[in-house]
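J.:
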Amino acid sequence: MLKSTNVATMYPICSVIITYDSTKAVTVTKKNEREYYVKMYDLESYDMTFEEKIGGGQDSYIKLKEVEQNSKGNKYAIVYFDDGNFRLRSFGKSSRTE
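Each residue of the sequence shown is one higher than the one before, starting from 482 at the first, in our numbering.
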């Protein structure tokens, strides 16, 4: 039997991955063309454990598709365009300051 639970998000989900260690789900949500959010949820408690805003400025025009992970499932990266500039952002399982 499959266990399923709905988790409400503020914005539509563009993509979601399950980490290779099967402990987290990582989502990319899109507020508008200027602002995306990368969020990580614990699969046991369904609590959000990580959140990062991408873009959000007046000059931003973001295109972000998905999150990639290393073979252990403990390091992650996103690649996105910000108004013609190519950017790479890497992160772990805990939030960090801007």
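Beta carbons are placed, not taken as given, at the ideal position from N, Cα and C, and that holds for glycine.
What do you get for V488, buried or exposed, if any count of 16 or more other CB atoms within 10 angstroms of its CB means buried?
T.: With fewer than 16 Cβ atoms within 10 Å of its Cβ, V488 is classed as exposed.
J.: Among the residues of its own chain, which have a CB less than 6 Å from the CB of V560, if the five just before and after it don't count?
T.: Around V560: L569.
J.: Skipping 5 residues on each side, what residues in its chain have a beta carbon closer than 8 Å to that of E532?
T.: Contacts found: Y518, V519, K520, M521 and S576.
J.: Check whether the Cβ atoms of T500 and Q539 lie closer than 8 Å to each other.
T.: Cβ distance not < 8 Å, so T500 and Q539 don't count as in contact.
J.: Going by C-alpha to C-alpha distance, which of S541, M491 and S503 sits closest to F562?
T.: F562 has its Cα closest to that of S541, out of S541, M491 and S503.
J.: Beta carbon of M491, beta carbon of T510: below 8 Å?
T.: Yes, the pair counts as a contact, with Cβ atoms nearer than the cut-off.
J.: Roughly how many angstroms lie between the CA atoms of D502 and S552, to the nearest whole one?
T.: Rounded to whole angstroms, D502 to S552 spans 9 Å at the Cα level.
J.: I think E514 touches I543, with their Cβ atoms under 8 Å apart; what is that distance to the nearest whole Å?
T.: Contact flag correct, Cβ pair sits at about 7 Å.
J.: In chain order, which beta strand (DSSP E) runs of at least 3 residues are fully inside the segment 496-569?
T.: You should have 505-513, 516-523, 529-536, 543-550 and 557-563.
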